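4 protein chains.
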Amino acid sequence: MALAAVMTAPNYPVELQQLPDPVLEKGGIILETIYSEVCGTDVHLLRGHLGGVPYPIIPGHFSVGRVVDVGGNVIDIDGQPVQTGSIVTFLDVNETCNNCWYCLVAKTSTRCPQRKVYGVTYSSNEGLFGGWSEQIYLKPGVKVVTLPEGVTPKRFIAGGCALPTAIHAVDRAQIQIGDIVAVQGSGPVGLSLAILALLSGAGRVIVIDKYQNRLAVAKSFGVDDTIAIDDREPQQHVERVLELTNGRGADVTIEATGVPIAVKEGIAMTRDGGRYVVVGHYTNTGEILLNPHLEINLKHIDIRGTWGIDFSHFYRMLQLLKGNRQQEIAWERTISRFYRLDEINQALADVERGLVLKAAIQPNPA
Amino acid sequence: MALAAVMTAPNYPVELQQLPDPVLEKGGIILETIYSEVCGTDVHLLRGHLGGVPYPIIPGHFSVGRVVDVGGNVIDIDGQPVQTGSIVTFLDVNETCNNCWYCLVAKTSTRCPQRKVYGVTYSSNEGLFGGWSEQIYLKPGVKVVTLPEGVTPKRFIAGGCALPTAIHAVDRAQIQIGDIVAVQGSGPVGLSLAILALLSGAGRVIVIDKYQNRLAVAKSFGVDDTIAIDDREPQQHVERVLELTNGRGADVTIEATGVPIAVKEGIAMTRDGGRYVVVGHYTNTGEILLNPHLEINLKHIDIRGTWGIDFSHFYRMLQLLKGNRQQEIAWERTISRFYRLDEINQALADVERGLVLKAAIQPNPA
Amino acid sequence: MALAAVMTAPNYPVELQQLPDPVLEKGGIILETIYSEVCGTDVHLLRGHLGGVPYPIIPGHFSVGRVVDVGGNVIDIDGQPVQTGSIVTFLDVNETCNNCWYCLVAKTSTRCPQRKVYGVTYSSNEGLFGGWSEQIYLKPGVKVVTLPEGVTPKRFIAGGCALPTAIHAVDRAQIQIGDIVAVQGSGPVGLSLAILALLSGAGRVIVIDKYQNRLAVAKSFGVDDTIAIDDREPQQHVERVLELTNGRGADVTIEATGVPIAVKEGIAMTRDGGRYVVVGHYTNTGEILLNPHLEINLKHIDIRGTWGIDFSHFYRMLQLLKGNRQQEIAWERTISRFYRLDEINQALADVERGLVLKAAIQPNPA
Amino acid sequence: MALAAVMTAPNYPVELQQLPDPVLEKGGIILETIYSEVCGTDVHLLRGHLGGVPYPIIPGHFSVGRVVDVGGNVIDIDGQPVQTGSIVTFLDVNETCNNCWYCLVAKTSTRCPQRKVYGVTYSSNEGLFGGWSEQIYLKPGVKVVTLPEGVTPKRFIAGGCALPTAIHAVDRAQIQIGDIVAVQGSGPVGLSLAILALLSGAGRVIVIDKYQNRLAVAKSFGVDDTIAIDDREPQQHVERVLELTNGRGADVTIEATGVPIAVKEGIAMTRDGGRYVVVGHYTNTGEILLNPHLEINLKHIDIRGTWGIDFSHFYRMLQLLKGNRQQEIAWERTISRFYRLDEINQALADVERGLVLKAAIQPNPA
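Here you go:
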C-alpha cells in the first residue's frame, strides 16, 4: 500500500489514504516520490475553479522520484535505459495524442484535446497518478528525464512548474541581448521570468508587484528595478516604467499576474513595436476595456498568449539548471518550506495566503 | 502656375487654387501628375479627424506622374537615372529620419517621430506637396521608383495606398501555403488583403462585410466564401466562419474595418494558436471588452498591430503588379471612377458615402 | 488475393505477384488503390541507391484510394469518421515516434530515427504496404485525410509527393509578396516550387533547367522567365539571373536538382542577405568547393536544408488544391501518363529517362 | 594640432604625426580620445589585406572619448543633448545611405554600398577620422551614445568591436533557454560569443580553440567545456563535441575562427535541424569541400552568414554592459594591456602575434 493525499472534492480538507500499490505494466515505471510541488494550481483545484476534474484526485503535477521498478526495457528521452535507483522526473502533461489536427497540422500541442495531466485529470480511483503520494505510477508512454549531474531533486523542485512555464513565455517573447524587459508579477512564474530575462541577456529587468517581500526576492536575484504597485495611485507604476525607459516603454513585457487590468497596464508600459506576452491568465478572472486603435494598431504591438508547456520546455529546464555558470542562480532559495505528507492542508493554506513563495511535499522523509 | 485642389480647413469645400511653380533644387524632381488617389484618409482630413494637419493642404498622398524636370543627377531606387519623361511614383512617407532610436535601434521606422507625409502634413503654403495638383514637387531625398514595364499608371493607382498597407499586414500575418484566411472588411484594404491572401497560397479565403456589393467584388476576384453581416444576428457571421473551419476558426484573420467590435469577433473566428492582425484601426473609434484568459492566454493567440508602411512594402507592391501571372489580377477593376480636378468635392462625397470602391483624380486629362 | 508490383532486389525487373489480402486490425483501414505515383525515388529504389531498404518491397509511397473496410471507429484528421466508400489519402511517413528527442525536444520530426515509409521501408513479406498494388493496408495509427470536395484523385496524384516537399521548402524560404524567386530545376519538385512561388505572391519567378521541354511546361504555368543551361557556357545562366535582378541576385533561390554544382551556382544567383533553400539533394551525388568568406559570411546569406515532410505539409497540400482560385492551377497537366500495373517497368523506364514529367499507376482500371 | 598615429601604407611602421585641429561644423562633434581599440582588423590594414583603403589613414574604428566641442544643438540616440564633458561613443560605420535598395527594401544595411568606416575608409588627409589620435572629429550625422551610468570607458573598450559583432551573430543564432551552444574560436569574438551564449540561457557552452591560454580565459568566464584542437588528430575535437551532446551535436554552433576547415567541422558538430552561424570569415582565406546531401539537405540545417553590425547591435551592447546582474561579467579582464600612442607599433605586433587578447590605445594618458 502507498500513502497518498487525496482531494476528495472541492473545499474539503485533503485526506490521507492508503491506496493499492500500482500494477507494473510493460513500459511502466514505479517511482518513490522524493518531492512534489504544491502550487497555485492546487489551490484552484481545492477551490473547484477548474472544470473537468475527476475528484477524488491525488494532486501533485510536478514531481521527482527514485525509480523503484521498471516494466522491461524503457529508455529515457536521451536514449539511456531507465534503471532502478535512478532519479527521474516526467512531464505532467500526458497522452498528448500526436495524432490530431492540433498536434499534427497546427503544431499547437498544448491545445490538444486529448491531453491529460498527472495530479489534475486522473482520479485516485484509477491509480497513483499524482505526486502527493509515497509512490507515483508512470504509465507506459510517459517519457522521463534522468536528472543530470548537478541538478539535485531540491534544485529541480525549486524550479518547479513555474520554470518551464516561464521558459515557454520567454520563447514567445524573443528577448534580444540588451533588451529592456518588464515583468508583471513576482510570484513563482513572475520570479522565474525575471531570472530568465536576466539569463537571456536583457540589459534591464524591471519587476512590478504589489507585495514588497516578493519584490525583495526578485531584487536579491539581480533584477535592476522593482516597482511596488500603490493601489491609491493606479497609474504610478506604469509611469515609473516609462520613466525608466526614456518614455518609450519596455521592449518586452511579460504578464504573470492573473489580474485582468494588468493586461491593459502591460500594453501601456511596452514600447511601440514591442512584444507583450500574456502567461498569467490560467483562470477566468474577468474582462478589460481595450482600445484597438491606441493599444494595438497604432502601437504596432505584438500580443502573444502562451498556454501550457510541452516536453521541450521541460527538457530545456533541466539543461538550464545544470549549466556551470547557471549554477550561480540559487533556485533553491525560492522554496520557502518542505512539508510532510500529513502537513498537506497546512501547505495549501500557506500557498493560498501567500505566506510562502514556493512549497513542496516530501512524502518519504529521509 | 499650377492648378491645385486645396483643403483650406476641415469641413469646408475643397478649393481650386493657382499656386506658384516649384523652384527646382539640386536633387529635386518636378512631376506632372497623372493620377492621384482619393481615399478614406482624405475623408478623415476633410472631417478634421486627424491631429497635426497644417491646413491649408493639398491632399493626395498616393500619386503617379511624369517627370518634367530633375535637379541634376538623381537616381531611382534601382540605381537608374531619373529622366525627363519617365513615369515614376514615390512613397508618400518622407523625412523618416533614419537617425533616431525608432529607426536605428527598434527598427520600427513607421513610428519615427520625424515622418512627414505628402498630401497630409505639408501645408500648401510650403509648396506642391500633394497629388491633387497639376504638378507635384519632390524634395531632394524623396526616393522614386520608375514604373516597371507591365505596370501602367492606371494599374498602379488602382492598387493604391491600400495595397502596400495590405502587403505590410500580410507580412505580419505570415500566411502559409494552404492556410485558411479570414478577412474582416471588404473596402480597399480588405479587398487587397483578400487578393493577397489568395496570392499567398491560402487554401481558403473568407471575406466578411456588411455590404453585399463589396462582397460581390471580392467574390469576383476568386475568394472562396463571402459572409454578410446581419445586424440583427450579430454572432451569425462568427459562427459561419467556425462552420467553414471545422469549428476551429481560421489560421489567420486580418481586420480591415475600423470597427472596434470587429476585433473581438476576429479573435473569436481565429483558431487556437492562430494569428490575428489588426490593420483597420487608423483612427480612434472606441473600446471593446476583452477577456485576457479566454481571448488571449487560453487561445495561445498572436495579436499583431500593423502601423503604416515603409519603402519595402511600396517597392514590393510594384514588383507584385508587374509579375507575369500576377497580371491575371485585374486590379484595374477596383477603380470605380476617375475624376477631374474640378470634380474633387464630388469625389470626396462619393468616397464618404461608399458609392465608389476606389476613386482617383486625373489632374491633367489626356 | 491482391495483385501487387514487387521490387524483389535492385536492378531486377519489377514482378507482379498475388499477395494475401490484409487482415484488418482494430484501427486499420483497407484501401482499394485508385492511383499511386511513380517518382524519382522509385528509380533510386530500383537502382539500389537508398540504404536500409528491405527488399522485396511494394513501391508506391504516394497514393490515393477508396476505403474498402475499416477496423471499427476510425476518424480522419478532421475528426470525421472514415467510412467505406470514402476516398482518402495518407502520409507515407509512418511510425514517427513522437516520443524521442528529435520529435519532442528538437521538433525536427523528419529526422526521427523511428520513421518508416510506405512504399520504401516495409517489406512485401509484411503486407500490402505500398501503392503499386490493388489494395493498400493502412495500419492502426496511419492518419488519413478525406479528399475534400474539388480535389479529384487525379488532381491529388498530379500534385504528387513533389507538392508537399515543395510546400516544406517554401515554408523554409519565407517568400514575401513581391520577392524575386529563382528555382533551380524544373522536374516535379522544381515545377511545384515554381508554381508555389507564384502562389506565394512572388513578383518574378525564374526557372533554370537544362531541358527545354521542362522549361516550356514551367512557362505554361506562368513563370516569368526560363533559362536553359548551356553546358558550354557554365556561368551563363548565373549571369542571366543577375541581369534579370539588377545585378543583385534573387531574394530567394530554391534548389531542386540534385546536382552538387547547382548549390554553388544557386548561392551566386542569390542576393546578399537572401535565402537559399536546398531541397533537391535526397541522395549523395558528391561535393562542391565553397568559399566561406565570399559565399557565406560576406554574403550574409541564409542557407537552409529541407529534409522530408510531415503531416502539416501533406494536409496543407490538400487545402491548397481545393481553393476556389487555386483551381486555376491545372496541376492535372503535370501528369504525363497513367500506367496499368502490368506496365510498371515501362513506367519506371520512362521516369528514369525523363520521358515523362510525372507518372502514376492505376492498379484498378475503371 | 593633434597627435595621431598614421598608417601611411601597408607594411610600413605606423608614424606619429601632428595633424591640424578639426574645423567644427554645425552638427559635428570634437572628441578627446579616451581609448581606442587595436584589433585584428588593424593587423589586416597593416598587412594590406583589405581592398579600397585610402592610405594614409588613422586607424582605430572603435573608440570612446570626452566631448570637447559641439557644433550647436546635437542630440544623442536617446534624445539627450550632447554636452561638453560628456563621455560618448559612436558607431564606426558611417554614411550608411538609408536611401538605397539594400537599406530600404532588403533591410540589409550592412551591405549598403555607401557605408564608410571610421579608422578604415577615411584618409588622414581628410581629417581626424580614426581613434589612434588625441582627438576624433565626428562629422555631422554621426550618431553618438552617451555612456550610461555603470559603463566606464574601460568596460566599454574591453567589450570592443568584438562584442557588437557577437551580438549580431547571437541574434542570428536564436539561442533558446537550455540550448547547447558550441563556439569555434576563443579570440575576442569567440570569447564574446561564449559569454553571450551563457547570458542567453544556454544550458551548456562548449568552446574550441587551439590555444590553451585562450581556452583558460573562456573557462574563467564560466563556459562548461573547453576543447583544445590537436593538429595530429584533426577529428578529435569534433568527436568530443558529439560525445558531450549525446551523439547529436550542438543545437547551435557559431564560427569565429576565419579558418575555412572550421566551417566543415562546425557543420559536423551541429545537430540535425540545428543552426550554424558563420561570423569569423572577414577575409578570404580559401575554400572547403562540402557535400550538399550530407551536410545541408539531409542535416536539415540552417547556415547563416553574418556581416558587419548596425546601430542596434552597438546600442544593445551598451545596454548589456550596464545591467545590474550583467555587471558580474568582468569584461574588463579581457583587455590585456593599454598602450600609449607612441607604443602603437608594439601594440600591433603584440596583437599580430597573439600575445594579447585585446589591446587598446590610450592617446591622452591621465
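Chains as they are written, first to last, in our numbering: chain R, 1 to 366; chain V, 1001 to 1366; chain B, 2001 to 2366; chain E, 3001 to 3366.
The beta carbon of each residue, even a glycine, is placed where N, CA and C say it ideally should be.
Bear in mind that the values here come from a model prediction, so they are computed numbers and not experimental data.
Residues of the stretch 2288 to 2306 of chain B whose Cβ lies closer than 9 Å to any Cβ of chain E, in chain order: I2288, L2289, L2290, N2291, P2292, H2293, L2294, E2295, I2296, N2297, L2298, K2299, H2300, I2301, D2302, I2303, R2304, G2305, T2306.
DSSP places R:V64 within a strand segment (E or B) once states are collapsed to three.
Counting only Cβ-Cβ distances below 7 Å, B:G2273 has contacts in chain E at A3106, T3108, R3111, in chain order. Note on geometry: alpha-carbon atoms of V:G1071 and V:E1025 lie some 6 Å from one another. Contact annotation for B:P2260 against chain E: L3290, N3291, P3292, H3293 [CB-CB distance below 9 Å, chain order]. Chain order gives no chain V residues near B:R2066, where near means a beta carbon separation below 7 Å; the closest approach is about 23 Å.
By the rule that beta-carbons nearer than 7 Å mark a contact, B:L2320 touches chain V. According to DSSP, B:G2305 shares a beta bridge with B:V2278. Look at the stretch 2158 to 2173 of chain B: the residues with a C-beta under 9 Å from a C-beta of chain V are A2166, I2167, V2170, D2171. Look at V:P1081 here: in three-state DSSP terms it is strand. Under DSSP, B:T2089 takes part in a beta bridge, and its partners are B:V2064, B:V2145. In summary, the residues of the stretch 67 to 83 of chain R whose CB is separated from some CB of chain B by less than 8 Å are I77, D78, G79, in the order they occur in the chain. With a 10 Å radius around the Cβ and a threshold of 16 neighbouring Cβ atoms, E:N3011 comes out exposed.
Nearest CB-CB separation between B:Y2315 and chain R: below the 7 Å threshold. For E:N3284, a Cβ of chain B is located within less than 7 Å of the residue's own Cβ.
The three-state reading of DSSP puts R:L357 in coil, since its state is none of H, G, I, E or B. Only exposed fits B:M2001, as fewer than 16 other CB atoms lie within 10 angstroms of its CB.
V:L1357 places its beta carbon less than 7 Å from that of V:S1336. A Cβ of chain E is located within less than 7 Å of the beta carbon of B:V2263.
At a cut-off of 7 Å between beta carbons, V:N1098 makes no contact with chain B. A Cβ of chain B is located within less than 7 Å of the beta carbon of V:R1204.
For E:I3029, the pairing in a beta bridge is given by DSSP as E:V3070, E:L3138. Between B:V2088 and B:V2067, the CB-CB gap stays under 7 Å.
Spatial neighbours of B:S2123 in its own chain (CB-CB distance under 7 Å, excluding positions within 5 residues in sequence) are listed in chain order as P2054, P2056, I2057. Burial is judged here by how many other beta carbons sit within 10 angstroms of a residue's own beta carbon; R:I75 has fewer than 16 and is exposed. In this structure, V:E1134 sits near V:P1363, with a CB-CB distance shorter than 7 Å.
With respect to the C-alpha of R:V170, the residue from R:A347, R:G27, R:D251 having the closest C-alpha is R:D251. Of the residues E:C3097, E:T3152, E:N3291, E:A3262, the one whose Cα lies closest to the Cα of E:S3186 is E:A3262. Just measuring C-alpha positions, the residue of B:M2269, B:L2198, B:S2200, B:L2163 sitting nearest B:I2208 is B:M2269. Taking 7 Å as the threshold, the shortest C-beta distance from E:H3281 to chain B falls below it.
V:T1283 and V:K1143 have their C-alpha atoms roughly 28 Å apart. Selection R:G354, R:I30, R:N297 evaluated against R:L128 yields R:I30 as nearest (Cα-Cα).
With respect to chain E, the C-beta atom of V:S1086 has no partner C-beta closer than 7 Å.
Taking every protein chain shown into account, the CB of E:R3304 has 16 or more other CB atoms within 10 angstroms, so this residue is buried. For the 7 Å CB-CB criterion, E:N3324 and R:D224 form a contact. At least 7 Å separates the CB of V:S1124 from every CB of chain B.
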